[in-house]
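Here is the structure we will look at.
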């Protein structure tokens, strides 16, 4: 099967991969263009600035990043299992060498500027995770689904940061803590 | 009162401030030296690489960063209040424009390399926070102080990330969640 990616597609995919593995601030335009096999001139014909590339690559690959933590659309799971599935996936991911934390958190941290376009995009995807928790916490009959959704999101981010800092698997810590939050969410 | 800081002191203080506000990867040697009023030549006489400056500035200012979340040594507080004090301070900090999250988390995220010297230094200070939680969870009579300490640390990091991404105060969410963890920690 031949895949003929356009320069734009190659740039966005390479940006998503390199920025995730090495950092949006650390990877310069020079290196990005070389890795994507696109000239700097072509890049600047497609995007005004590197900042725009950061934002666009998150927009392009954010949906699949988030969806990878959710059960497939056909999955027949009760709400509690739907929530725990996210943490089971995180436990799996956090144990692999290719795990560098949450790309949305990383982007926000690296940019140091909530007004940056890409920081806004990152927040949109983080809110999508929280909405997912909210939806299923509500279905579960949680007394305060807003609180539960926020707590699960903080747990997700704190656990991802832990795995990055320690460079070791979570050993069930995230899954166990999520289960504890859900145990106390319902009266 | 005149303070005559050495070039080394000026570099480390400026590095700690700039790296925290703008990012260790984003701030180049050029800008760092200019802001510190030190020539690049002098910098490279004092430090082998920028990486060494990152590690040394964390080593120099890490202790006061951590201590700022703890009650003063003279404080007469029961263990539960000692733990909650950390989250009360985080709630205060997270509401200010100068808050950019946890500098240890930021450094680890920005470097994308757990083998980097500064990532090791960052982890040391993060473990100091977790040890503090462990000590007081034990004093509180927690059934599983290891678990409680890890959960409180994940909450701290997840809450700091939340405040950074949303660029808004936590509104009591971190403090309330910490209190909930402690409520269930003791039989």
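Protein chains in written order, with the numbering used here: chain A, 17 to 203; chain B, 17 to 203.
The beta carbon of each residue, even a glycine, is placed where N, CA and C say it ideally should be.
Looking at the ligand HEM, does it come within less than 6 angstroms of residue 153(B), judged from the CB to the closest heavy atom?
The ligand content of the structure shown is nil, which means the ligand HEM is not present either.
Got a sec: is the Cβ-Cβ distance from residue 17(A) to anything in chain B below 7 angstroms?
For residue 17(A), the predicted structure reports a pLDDT of 43, less than 50, and the residue's modelled location is therefore unreliable. The matter cannot be settled from this model.
Give, in chain order, every unbroken run of the alpha helix (DSSP H) that is at least 4 residues long and sits entirely within the stretch 119-181 of chain B.
119-127, 133-156
Looking at the structure shown, is residue 186(A) part of a helix, part of a strand, or coil, going by DSSP?
coil
Span separating the alpha-carbon of residue 28(B) from that of residue 135(A)
28 angstroms
Is the shortest distance between the beta-carbon of residue 124(A) and the beta-carbons of chain B less than 7 angstroms?
yes
Just how far apart, CA to CA, sit residue 163(B) and residue 140(A)?
31 angstroms
Once DSSP output is grouped into helix, strand and coil, what is the label at residue 204(A)?
Residue 204(A) lies beyond the range of chain A shown here (17 to 203); nothing can be said about it.
Residue 59(B) lies in the alpha helix (DSSP H); which residues open and close that run?
56-62
Give me the residue from 64(B), 45(B), 57(B), 125(B) with the minimum Cα distance to residue 38(A).
125(B)
Check whether the stretch 69-84 of chain B touches the stretch 114-129 of chain B, counting contact only when three or more Cβ pairs, one atom from each stretch, lie closer than 8 angstroms.
yes
Ordered list of beta strand (DSSP E) runs contained in the stretch 85-115 of chain B, each at least 3 residues
none
Pull out every residue of the stretch 145-175 of chain A whose Cβ sits closer than 9 angstroms to any Cβ of chain B, in chain order.
163, 166, 167, 169, 170, 171, 172, 173, 174, 175
Report, in whole angstroms, the separation of the C-beta atoms of residue 40(A) and residue 189(B), which I expect to be a contact under 8 angstroms.
In fact, because the Cβ distance is near 27 angstroms, the residues do not count as touching under 8 angstroms.
Listed in chain order, which residues of the stretch 91-120 of chain B have Cβ atoms closer than 7 angstroms to some Cβ of chain A?
116, 117
Would residue 189(A) pass as an interface residue toward chain B - the criterion being a Cβ-Cβ separation below 7 angstroms?
yes
Touch test, the stretch 136-156 of chain B against the stretch 56-64 of chain B, Cβ-Cβ under 8 angstroms, three pairs minimum:
no
So is residue 21(A) buried or exposed if we call it buried at 16+ other beta carbons inside 10 Å?
exposed
Can you name, in chain order, every residue of its own chain whose Cβ lies under 7 angstroms from the Cβ of residue 132(A), other than the five neighbours on each side?
67
Taking residue 148(B) as the reference, give the member of 137(B), 127(B), 161(B) with the closest Cα.
161(B)
Chain-ordered chain A contacts of residue 202(B) [CB-CB under 8 angstroms]
Residues of chain A passing the Cβ test: none, with the nearest at roughly 14 angstroms.
Contact set for residue 186(B): own chain, Cβ-Cβ below 8 angstroms, skip 5 residues either direction
106, 107, 110, 111, 175, 178, 179
Using a C-beta cutoff of 7 angstroms, does residue 81(B) count as contacting chain A?
no
Got a sec? Which residues, its chain only, sit under 7 angstroms from residue 155(B) by beta carbon, not counting five neighbours each side?
95
Whose Cβ in chain B lies nearer than 7 angstroms to the Cβ of residue 51(A)?
Ordered by position in chain B, no residue passes the 7 angstroms Cβ test against residue 51(A), which lies about 15 angstroms from the chain.
I'd like the span of the alpha helix (DSSP H) that includes residue 78(B), first residue to last.
66-83
Give every residue of the same chain whose Cβ lies closer than 6 angstroms to the Cβ of residue 157(B), excluding the five residues on either side of it in the sequence, and list them in chain order.
202
Rounded Cβ spacing between residue 192(B) and residue 152(B) (contact assumed at less than 8 angstroms):
Actually they do not touch by this definition, with Cβ atoms about 18 angstroms apart.
Against residue 185(A), what residues of chain B qualify as contacts under a CB-to-CB distance less than 7 angstroms, listed in chain order?
Result: empty, since nearest Cβ-Cβ is about 13 angstroms, beyond 7 angstroms.
Which of the residues in the stretch 31-58 of chain B, read from start to end, lie with their CB under 8 angstroms from any CB of chain A?
37, 38, 39, 41, 42
Buried or exposed, going by whether 16 or more other CB atoms sit within 10 Å of the CB of residue 64(A)?
exposed
Taking the continuous alpha helix (DSSP H) assigned at residue 45(A), which residues delimit it?
45-52
Pop quiz: residue 171(B) and residue 194(B) are said to be a contact at Cβ under 8 angstroms. What is the actual Cβ separation, rounded to whole angstroms?
6 angstroms
Taking just the CA atoms, how far does residue 199(A) sit from residue 17(A)?
Note that residue 17(A) scores 43 on pLDDT, short of 50, meaning its location in the model is unreliable; the coordinates nonetheless yield the value given after this. Distance between the alpha carbons of residue 17(A) and residue 199(A): 49 angstroms.
For residue 197(A), which residues from the same chain have a beta carbon less than 8 angstroms from its beta carbon, with the 5 sequence-adjacent residues on both sides left out?
164, 167, 168, 171
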